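Scroll down for the structure; my scribbles are underneath it.
Numbering (the working numbering), first residue to last: 51 to 132.
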């Protein structure tokens, strides 16, 4: 079993959005990822990461909000009603 771990390629490590932004990674537009979740692509030329949005509500503009379901679906929410 120990030999198996020694032969395995490097295991991917998660990075936080704030840590990557602090390392001067370029931040792309807010978009939908391949798996349907929303977030940002951050890159430095050779490395690219997709940082998922970890929220359930987001402001679109002054009067419009959206609720983000766990499936990634967006539901419009009226700000005044909320």
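C-beta: ideal position from N, C-alpha, C; glycine also.
Owing to the predicted nature of the structure, the values given are computational and were not obtained by experimental measurement.
Alpha carbon to alpha carbon, what distance is there between residue 79 and residue 66? Position 16 of the chain shown holds residue 66. Position 29 of the chain shown holds residue 79. Computed Cα separation, rounded: 17 Å.
Taking all protein chains shown into account, do 16 or more other C-beta atoms lie within 10 angstroms of the C-beta of residue 110, making it buried, or fewer, making it exposed? Position 60 of the chain shown, counted from the first residue, corresponds to residue 110. Here residue 110 is exposed. Its C-beta has fewer than 16 other C-beta atoms within 10 Å.
If you run the structure through DSSP and keep just helix, strand and coil, what is residue 71?
Against the chain shown, residue 71 aligns to sequence position 21. Correct three-state label for residue 71: helix.
Practice prompt. Taking only the alpha-carbon atoms, compute the straight-line gap between residue 69 and residue 102 and give it to the nearest angstrom.
Written response: On the chain shown, residue 69 is found 19 positions in, with the first residue counted as 1. On the chain shown, residue 102 is found 52 positions in, with the first residue counted as 1. Whole-angstrom Cα-Cα distance: 14 Å.
Same chain, Cβ closer than 8 Å to residue 98, neighbours up to 5 away in sequence not counted = Walking along the chain shown from the start, residue 98 turns up at place 48. Correct list, in chain order: 91, 92.
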